[in-house]
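Since the structure comes first, as structure tokens, the remarks are kept for the end.
Protein chains: 2
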Amino acid sequence: MDFIIANANWVSLVVSVFGVVFALVLRSWILSQDSGNERMMKISGAVQKGAQAFLSREYRAVAIFVGVVAVLLLVLGLLPGSGMSPWTVLAFVSGAVASALAGYIGMNVAVRSNVRTAAAASRSLNQGLRVAFASGTVMGTMVVALALLGISILIFVLNSVIPDRAAAANALAGFGFGATSIAIFARVGGGIFTKAADVGADLVGKTEANIPEDDPRNPAVIADNVGDNVGDVAGMGSDLFESYASSIIAAIAIATLGQGVAADRIAAGAAFPLLVAAAGLLIGVGCTYLVRTEENATQENLLASLRRGVYTASALVVVAVVVLGLLLDLGLGVVIATIAGLAAGVAIGYSTEYFTSDTYRPTQELAESSTGGPAIIIIRGLALGMRSTVPPVAIVVVAVLIAAYAAGLYGVAMAAVGMLATLGITLATDAYGPVADNAGGIAEMAELEDTVRERTDALDSLGNTTAATGKGFAIGSAVMTALALTSAFVTATGMGTEVNILDPRLSTGLLIGAVLPFLFSAQTMLAVGKAAQQIVVEVRRQFREIPGLMEGKADPDYETCVAISTDSAIREMVAPAAIAVATPIVIALLAIIGRGGNVIGNFVGVETLIGVLLGSLISAFTLAVMMANSGGAWDNAKKYIERGNLGGKGSDAHKAAVVGDTVGDPFKDTSGPSLNILLKLLAIVSLVIAPLLATGA
Amino acid sequence: MDFIIANANWVSLVVSVFGVVFALVLRSWILSQDSGNERMMKISGAVQKGAQAFLSREYRAVAIFVGVVAVLLLVLGLLPGSGMSPWTVLAFVSGAVASALAGYIGMNVAVRSNVRTAAAASRSLNQGLRVAFASGTVMGTMVVALALLGISILIFVLNSVIPDRAAAANALAGFGFGATSIAIFARVGGGIFTKAADVGADLVGKTEANIPEDDPRNPAVIADNVGDNVGDVAGMGSDLFESYASSIIAAIAIATLGQGVAADRIAAGAAFPLLVAAAGLLIGVGCTYLVRTEENATQENLLASLRRGVYTASALVVVAVVVLGLLLDLGLGVVIATIAGLAAGVAIGYSTEYFTSDTYRPTQELAESSTGGPAIIIIRGLALGMRSTVPPVAIVVVAVLIAAYAAGLYGVAMAAVGMLATLGITLATDAYGPVADNAGGIAEMAELEDTVRERTDALDSLGNTTAATGKGFAIGSAVMTALALTSAFVTATGMGTEVNILDPRLSTGLLIGAVLPFLFSAQTMLAVGKAAQQIVVEVRRQFREIPGLMEGKADPDYETCVAISTDSAIREMVAPAAIAVATPIVIALLAIIGRGGNVIGNFVGVETLIGVLLGSLISAFTLAVMMANSGGAWDNAKKYIERGNLGGKGSDAHKAAVVGDTVGDPFKDTSGPSLNILLKLLAIVSLVIAPLLATGA
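In structure tokens:
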């Protein structure tokens, strides 16, 4: 099957082009749908304008960042003896552009699908589901297709301009770094934006002005709706784009370095991740057609229809992995490793659902504890989050041990690829959520009949479940990817893998790595508070200064609220982002300086950086799971009470649950997910600059 | 100076005997003080009885645990080829007995000093301070003296019965393990007891029955007072006893194995920690006489008087370290390493104070955020705790790098010894707190005049500051000790220190280690809630069933509340303790099984255990600091508001701050401090069973 191996890159290129075309066609179908009455279009138009404003502002900031880093990479690449290829910069810029494009298209279609979902839901539940899910599918497919397309093209280019295969593979890591640059803005900045708008809108609207949620008189309501898309479409998409791309790149790099693959199977090992990804893309696209439902579907029916799609895709990918593994003669070990990763992803999703869905005991017990007051529900929620770290860690431990036993370092990287092989459809179930949520908001604001709101509520509620599962999946895949990247980094430094475990540089590196996620989370949590405060000031100003606003006679100035959220989100993300980018670079520089045999070498070395990567990996993993699951459980405990349990809305239990939910908001939507970016960023930056550390080592 | 080296053990023996005698004399002096009027004696008598009941019950449970472990150790020691000495069991039992004895004497004198402090405070502030501080000094000196005495005697015995010095040093580790057995009961069980009683008393007393704090009609009030002593005297004492003993043992073990000391300086290296400890004991005792104050002293004066004692002791220990280091010809490096540890301890104390005292911005800002409601103060408090992890980690990183650069692994162990060299007086400032707190309670219950309560309040408030500093110090020293123990463990396995950093057993070990503190904290947090609930039920029962209780005509049944708290605390600590003890043992057993070249060896090895130790170290460190400092800051933010700031007692800000304080209680007094025990326990158990892993490796 040497033909397949030699042409794997062509296969992935063609498949990814198909994916892009499919997504664009689906987009046209969505845009051809009925977009409702004038009032609905007006509201949706405001959300579209807000999203556009956010993206323009964000991408301007990203462009500056990408430009500066690109120049630095170019300088490093041209520096004689740096060991880095100047072509890294091409990969870097491509990664940034591809991820930005996927995010742009996904957001663009999401904010146009919301109104069409509302209109479709006024006809039937299934039609509403199909429009909303189609929007998610555009995003999911676009992410996967553009990532694979970028990697495929780059492999052609890099292999033709860089003679050394290992150096070419290392330059390819620039693609992952470029994708991370987008992710840090979309996930961290976006996470701050979405919660600042949400909290800000609630603080003044519900608490001070006593107007309901999604009331068009609230000047921050559009920012809140934009925020849902920013967080769960662009943010989640960029996060998983990066994991997806980086896991493939790490697998190629490790295969090229000959770790865990036989000497005559290196080319096959480098081809395998591309082919698995291509197969996953095709399977995912096909399985989206399984997602449909009947009228009067219960919540279980709806969930079952989504799961039919995801599980069928998983099963088919297993088949594809077995067939491809045999065709490429990579041995059973590689197949087992890849499937272990896929199974781990599904299992982590289950675990997340168990801890955060109110159909299971943990969240029900949490809701019951709300009768003891706010302090008790906070303590119980934190304890729930802490306990919930055990299954995902256990799952990753088992998957890593199996994968490494079956196929060494290459196996670990392929486990990450396997986990993300069904990303197209997994992300579709995720990115569909905010569309349904927005559709409900539009139905409310446009005063559509109650059945519409009921249908969109059903779709929204389903979206909450998939969002929770998606968060667990995002963390798990980030950890697997970071582990693969770290392996690739250590291999690429050429220092050999034997280190002195009692080297103080390693243990202090671990300590530094462990503290970074805590610092990062503190910064992002405080950022939400600061940004929300600015929204509050602006909303109060509009209520005061715009005559007739409260009476519904005048329109509020939505744009200013969006602009304020955007500006403060981007300002507040600078400090945490700077810490994440600077840490590996500073340590690497000190390690290089210390290599000359001077005193610094006793305090800082490559061991320090390895310690930082491993320390941040384990610390961010546990902290991120805790934050995501505490937050998810508080959210659902509140909703559980709002459905009439334990005294229902307005009871003391409900008030306590609202406190829990408010604490949980930045936990689950800002700080927790931001940690995914932190741990991958540290690893990908290290991998990109690995040649600097390798020269003269 | 070979004479000193040869007789270092005699020196430490004589000095520690002096310490024991000094503490007993001081105890007699305290008991000779005026013990107040009949009513005061009655209340104090109830606390004494409660403390006695708690200790008897706890020590019965400990005895069973110690007995079982002793039998296991004996069997392992007698097993041919296990590599472990049967004498380990002697060291183990000695460690348990010595720590239990120190805790018993310390608690015994503390619950007798409270009433005498109240009586002395009715004469003058200085007299109150002197009695309370004398009680702390008895505890501090007893801990240090009994630890040093036990180690000194054991060295004589073990060196005479075990020919091999390295094996003798390893058997000595049993002493630390014995001390840990006490610590896990006193710190974890005690932590659950103290907060269950506190929360339980408040929930029914303040909230339901509307009676003030420290009201003698509340059946749980005595349990609450007992709890203060259980947590901050017995718990803190046993925690630091263990750190103190283990750091000395680790230094001796590492010196004996010749790590970081020249071949002809091994005996000197083993003598040095004993001599530094002995010098520290004498200096500490002397400096307690510097702690006195004037009448009408401000809070600053009081703090200054305590600091005069501690800082003078630190300065004198530095002199002693320099002199001893030169006399023993160990070189400047060892001296620098030891002083680096001492300085780190002081710096960590400062950092804790900065983040938790309301004289600094962080806690003031936290208090201000309470105006935004309970959710905001929770978010801000968690963020504060997360940020506060940075300085202690940075301090430990710097201290470890300096110590390792100056004197290798031996330097790291000596840094831990140096940090704990002033423990006698540091612990005195800590253990004094609950005495002052109890004295205030007695003054309240016995209706003494207002000036007495004002004076005891001043003393109590000072105790809160020292308690916060002490917590930081306890964590820092636990981390340094665990690091030294881990180094000793790796060295003792004889596997060599070179490991494959990408070995999946290492990375999965790190992951398992990282998740343990989260699981442990969740368990202990939930345990407090469950135990408090049982107190609530009992208090309600007494209010209902004892006629005349609410009118003050009948006495409540204090003993039952103490018994319930004790029983539930001991029951609830079983699960977390079992996890901590079982984890290293199970992994070690699997590693031994896997050594035969079978499949298990691919999944579990000594590398896994090393990973667990390092992973839990960094995870527990950051989590413990976060919990302790969040909790401390919430507590002080509440007190800041209660002093009339931001609306004072009863305002909405105060209500929000109370929520923060309630969340913080199990954080800072149960879960946070319990993590110290977890990380040391994992390391000491591993070190004790290291010979099993070494044989045939």
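In order, the protein sequences belong to chains A and B. Basically the working numbering = 1-based index in the first sequence + 4. Basically the working numbering = 1-based index in the second sequence + 4. C-beta: ideal position from N, C-alpha, C; glycine also. Owing to the predicted nature of the structure, the values given are computational and were not obtained by experimental measurement.
Proximal chain B residues relative to residue 391 of chain A, where beta-carbon distance stays under 7 Å: Those within 7 Å of residue 391 of chain A in chain B are 523 and 526.
Contacting positions in the segment 499-514 of chain A - beta carbon closer than 7 Å to chain B: Residues 501, 502, 503, 504, 505, 506, 508, 511, 512 and 514.
Residues in the segment 599-613 of chain A having any Cβ partner in chain B nearer than 9 Å: Across the segment 599-613 of chain A, CB contacts with chain B closer than 9 Å involve 603, 606, 607, 608 and 611, in sequence order along the chain.
Neighbour-count burial assignment, residue 686 of chain B, 16 or more Cβ in a 10 Å radius: Label assigned to residue 686 of chain B: buried.
Per-residue burial, residue 130 of chain A [other beta carbons within 10 Å of its own, 16 or more giving buried]: Buried, because 16 or more other Cβ atoms sit within 10 Å of the Cβ of residue 130 of chain A.
Cutoff 9 Å: residue 701 of chain A Cβ touching any chain B Cβ: Caution is warranted here: a pLDDT of 40 is assigned to residue 701 of chain A, below 50, making its placement in the model unreliable, and the coordinate value is therefore given only provisionally. At a cut-off of 9 Å between beta-carbon atoms, residue 701 of chain A makes no contact with chain B.
Host beta strand (DSSP E) of residue 504 of chain B (start-end): Element bounds for residue 504 of chain B: 502-504.
Heavy atom of the ligand ZN within 8 Å of residue 553 of chain A beta-carbon: Because no ligand of any kind appears in the structure shown, any question about the ligand ZN cannot be addressed here.
Cβ of residue 358 of chain A within 9 Å of any chain B Cβ: No, residue 358 of chain A does not count as interfacial toward chain B.
Element boundaries [alpha helix (DSSP H), containing residue 458 of chain A]: Its alpha helix (DSSP H) spans residues 454-497.
Residue 369 of chain A versus A/396, A/49, A/657 and A/9, residue with shortest Cα-Cα distance: Closest option to residue 369 of chain A, Cα to Cα, is A/657.
Candidates A/408, A/439 and A/639, of which the one nearest residue 362 of chain A by Cα: Residue A/639 is the option with its Cα nearest to residue 362 of chain A.
Straight-line gap, residue 701 of chain A to residue 499 of chain A (C-alpha atoms, nearest Å): In this prediction, residue 701 of chain A scores a pLDDT of 40, lower than 50, which makes its location untrustworthy; no coordinate-derived value is stated.
Whole-Å CB distance - residue 19 of chain A paired with residue 285 of chain A, under 8 Å assumed: Indeed they touch by this definition, with Cβ atoms about 6 Å apart.
Short CB-CB distance (under 9 Å) between residue 485 of chain A and chain B: Residue 485 of chain A does not count as touching chain B.
Contact set between the segment 85-114 of chain A and chain B, restricted to residues whose Cβ is under 9 Å from the partner: Against chain B - using a Cβ distance shorter than 9 Å - the segment 85-114 of chain A contributes no residues.
For residue 450 of chain A, three-class secondary structure by DSSP: In the displayed model, residue 450 of chain A falls within coil according to three-state DSSP, outside both helix and strand.
Residue 114 of chain A versus A/443, A/594 and A/642, residue with shortest Cα-Cα distance: For the residues A/443, A/594 and A/642, the minimum Cα distance to residue 114 of chain A belongs to A/443.
Candidates B/360, B/421 and B/364, of which the one nearest residue 486 of chain B by Cα: Restricting attention to B/360, B/421 and B/364, the CA atom closest to the CA of residue 486 of chain B is found in B/421.
Min CB distance residue 622 of chain B to chain A below 9 Å: Contact of residue 622 of chain B with chain A is assigned, a C-beta pair being separated by under 9 Å.
Beta-carbon gap between residue 505 of chain B and residue 689 of chain A smaller than 9 Å: It is not a contact, given that the beta carbons lie outside the stated cut-off.
Inside the segment 282-331 of chain B only - alpha helix (DSSP H) runs reaching at least 4 residues: Counting only runs of 4 or more, we get 303-331.
Chain A contacts from the segment 657-668 of chain B (Cβ-Cβ distance under 7 Å): Residues passing the 7 Å Cβ filter: 663, 666 and 667.
Which listed residue (A/169, A/279 and A/313) has its alpha carbon closest to that of residue 295 of chain A: Measuring C-alpha to C-alpha distances from residue 295 of chain A to each of A/169, A/279 and A/313 identifies A/313 as the nearest.
Those runs of the alpha helix (DSSP H) which lie wholly inside the segment 28-99 of chain A and span at least 4 residues: Whole alpha helix (DSSP H) segments, 4+ residues: 42-82.
Distance between beta carbons of residue 140 of chain B and residue 350 of chain B, contact taken as under 8 Å: No, residue 350 of chain B and residue 140 of chain B are not in contact; Cβ-Cβ is about 19 Å, not under 8 Å.
Delimiting residues of the alpha helix (DSSP H) encompassing residue 527 of chain B: Note, residue 527 of chain B: alpha helix (DSSP H), 508-549.
Test item: CB-CB of residue 542 of chain A and residue 196 of chain A under 9 Å: Not closer than 9 Å, so no.
Environment of residue 303 of chain B [buried if 16+ CB atoms lie within 10 Å]: Its Cβ having fewer than 16 others within 10 Å, residue 303 of chain B is exposed.
Cutoff 9 Å: residue 491 of chain B Cβ touching any chain A Cβ: Yes - at least one Cβ of chain A is within 9 Å of the one on residue 491 of chain B.
Identity of the residue in A/22, A/35, A/204 and A/146 nearest residue 537 of chain A by Cα: When only C-alpha atoms are compared, the closest one is A/204.
C-alpha distance - residue 182 of chain B paired with residue 80 of chain B, whole-angstrom precision: Each residue's Cα considered, the two are about 16 Å apart.
Any chain B beta carbon closer than 9 Å to residue 418 of chain A: No, no contact with chain B.
Same chain, Cβ closer than 8 Å to residue 32 of chain A, neighbours up to 5 away in sequence not counted: Cβ within range, chain order: n/a, list empty.
For residue 677 of chain B and residue 161 of chain A, the rounded distance between their alpha carbons: About 57 Å.
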